[in-house]
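J.:
2 protein chains.
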Amino acid sequence: MSSSAQKYDVFQAIADPTRREVLKLLAHNELPISEITSHFPMSRTAIAKHLHILSEANLVSGQKVGREKRYRLQPETFQELKDWLSYYEQFWNNKLSMLKYVVESDNGDS
Amino acid sequence: MSSSAQKYDVFQAIADPTRREVLKLLAHNELPISEITSHFPMSRTAIAKHLHILSEANLVSGQKVGREKRYRLQPETFQELKDWLSYYEQFWNNKLSMLKYVVESDNGDS
DNA sequence: TTGACATAACACCAAATGGTTTCATATAAT
DNA sequence: ATTATATGAAACCATTTGGTGTTATGTCAA
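Chains as they are written, first to last, in numbering that gives the first Met the number 0: chain A, 0 to 109; chain B, 0 to 109.
(1) Using a C-beta to C-beta distance shorter than 9 Å, which residues of chain A count as neighbours of B/E31?
(2) Do the CB positions of A/T36 and A/N57 come within less than 7 Å of each other?
(3) Which same chain residues, not among the five before or five after A/L25, have their C-beta less than 7 Å away from its C-beta?
(4) Let's see if you can read the secondary structure: which residues bound the alpha helix (DSSP H) around B/E67?
(5) Just by C-beta distance, which residues in the region 37-58 of chain A are closer than 7 Å to chain B?
(6) Which residues of chain A have a Cβ atom closer than 9 Å to the Cβ of B/Q62, listed in chain order?
(7) So is B/Y87 in contact with chain A if we call contact Cβ pairs under 7 Å?
(8) For chain B, is any of its Cβ atoms less than 7 Å away from the one on A/I35?
(9) DSSP state of A/L53, grouped into three classes?
(10) Any beta carbon of chain B sitting closer than 7 Å to that of A/L24?
(11) Can a CB atom of chain B be found closer than 7 Å to the CB of A/D108?
(12) Starting from the C-beta of A/T17, find all residues in its chain whose C-beta is less than 7 Å away, skip the five residues before and the five after it, and write them out in chain order.
(13) Can you tell me the Cα-Cα spacing of B/E20 and A/S42, whole angstroms?
(14) Can you give me, in chain order, the residues of the region 64-76 of chain A that have a beta carbon less than 7 Å from any beta carbon in chain B?
(15) In chain order, what residues of the same chain have a beta carbon less than 7 Å from the beta carbon of B/A12, not counting five sequence neighbours either side?
(16) Nearer than 6 Å: is that true of the beta carbon of B/A47 relative to any heavy atom of the ligand SAH?
(17) What residues in its chain sit with their C-beta under 7 Å from that of B/K6, if we drop five residues either side in the sequence?
(18) In the DSSP assignment, find the unbroken alpha helix (DSSP H) run with A/S37 in it and report its ends.
(19) Could you give the DSSP three-state label for A/S2: helix, strand or coil?
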């Protein structure tokens, strides 16, 4: 389960605006490639590539249903991002409280 | 104030592993470019470019101090990411809420 | 079985990305 | 004033990225 020599990680996957749009599309509905493609001004092949990248980053997964392949969100993976973010959260919280402190206690470089 | 035709947004900025390392380095200390560079196996110019990109995304800011330019984290910008993430949070945090959402917005094909 | 539909797999291409080296400019220190 | 330090900026390059079109394969319906 840990043998993934992934080419694309979550950070790269969400870097592209089109892929973020795809994620938004899949937020509620499971959709086949053609359906997804119909929302974008580009070829089905292009969207298929984006889906492949999202899939490699485990942000979506595809299930074959008949001749379709339905893609759905894999929201657990967003946790990875959240964890990364939470490390920095302390710093902006700190900064805000520090700003508060500065404003309240001292207003300059006397 | 909203005239920024940014070339790099937050998502692109954090897509690169080196840039994420830079952010980590700057988490606690304000540092000049040379100092930062000393932590990486690449040229100062390369790091300068990364800093420029991080700066354009408002993840860091640089202050000139003498002949140095000190870069520091600008943690407020991470909020943008957090907001984006929070949209998807409902889908993984609590399966009940997802179920609830699906049931309520029922657009099923039955 | 034949035809239409949905996707997969290539090969190809222009532009962006991430790095390099070299040269120029500003500040500090002697 | 000269030299060393810190950064900025430009030209260049290989690889990756994001798109294209074409062809092949699998599945559903007549």
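Where a beta carbon is used, it is the ideal one built from N, C-alpha and C, also for glycine.
T.: Let's see:
(1) Residue 31 of chain B sits at position 32 when you count from the first residue of the second sequence. Sequence check: residue 31 of chain B is Pro here, not Glu. Per Cβ cutoff of 9 Å: no residues; B/P31 is ~19 Å from chain A at best.
(2) Numbered from 1 along the first sequence, position 37 holds the residue referred to as residue 36 of chain A. Numbered from 1 along the first sequence, position 58 holds the residue referred to as residue 57 of chain A. Going by beta carbons, A/T36 and A/N57 fall outside the 7 Å limit.
(3) Taking the first sequence and counting its residues from 1, one reaches residue 25 of chain A at position 26. So the list reads V59, Y70, R71 and L72, once near-sequence residues are dropped.
(4) As a first step, residue 67 of chain B is located in the second sequence; it is residue number 68 there, counting from the start. Under the DSSP assignment, B/E67 falls outside any alpha helix (DSSP H), being part of the beta strand (DSSP E) whose first and last residues are E67 to L72.
(5) none
(6) Within the second sequence, residue 62 of chain B is the residue found at index 63, counting from 1. In chain order: nothing, as chain A lies at least about 14 Å away.
(7) The sequence position of residue 87 of chain B within the second sequence is 88, counting from 1. It does; some Cβ of chain A falls within 7 Å.
(8) Locating residue 35 of chain A in the first sequence gives position 36, where the first residue counts as 1. Chain B, which has no Cβ nearer than 7 Å to the Cβ of A/I35, makes this no.
(9) The sequence position of residue 53 of chain A within the first sequence is 54, counting from 1. The answer is helix: DSSP assigns A/L53 an H, G or I state.
(10) Here residue 24 of chain A refers to the residue found at position 25 when the first sequence is read from its first residue. No, its Cβ sits nowhere closer than 7 Å to a Cβ of chain B.
(11) Residue numbering aside, residue 108 of chain A sits at position 109 when the first sequence is read from its first letter. The predicted position of A/D108 is uncertain, since its pLDDT is 42 and thus under 50; a value taken from the coordinates is nonetheless stated next. Between A/D108 and chain B, the shortest Cβ-Cβ separation is not below 7 Å.
(12) The residue given as residue 17 of chain A occupies position 18 in the first sequence. The residues are F39 and H49.
(13) Within the second sequence, the letter at position 21 stands for residue 20 of chain B. Within the first sequence, the letter at position 43 stands for residue 42 of chain A. The alpha-carbon atoms of B/E20 and A/S42 are separated by roughly 36 Å.
(14) L72, P74 and E75
(15) Here residue 12 of chain B corresponds to residue number 13 of the second sequence, with the count starting at 1. Result list for B/A12: R18, I52, L53, A56 and L58, in chain order.
(16) Because no ligand of any kind appears in the structure shown, any question about the ligand SAH cannot be addressed here.
(17) Along the second sequence, read from residue 1 onward, the residue named residue 6 of chain B stands at position 7. Closer than 7 Å at the Cβ level, and outside the excluded window around B/K6, lie E55.
(18) On the first sequence, residue 37 of chain A is found 38 positions in, with the first residue counted as 1. First-last for A/S37: undefined, no H or E at that position.
(19) The residue given as residue 2 of chain A occupies position 3 in the first sequence. Bear in mind that a pLDDT of 42 at A/S2, under 50, signals an unreliable position, so the model cannot answer this.
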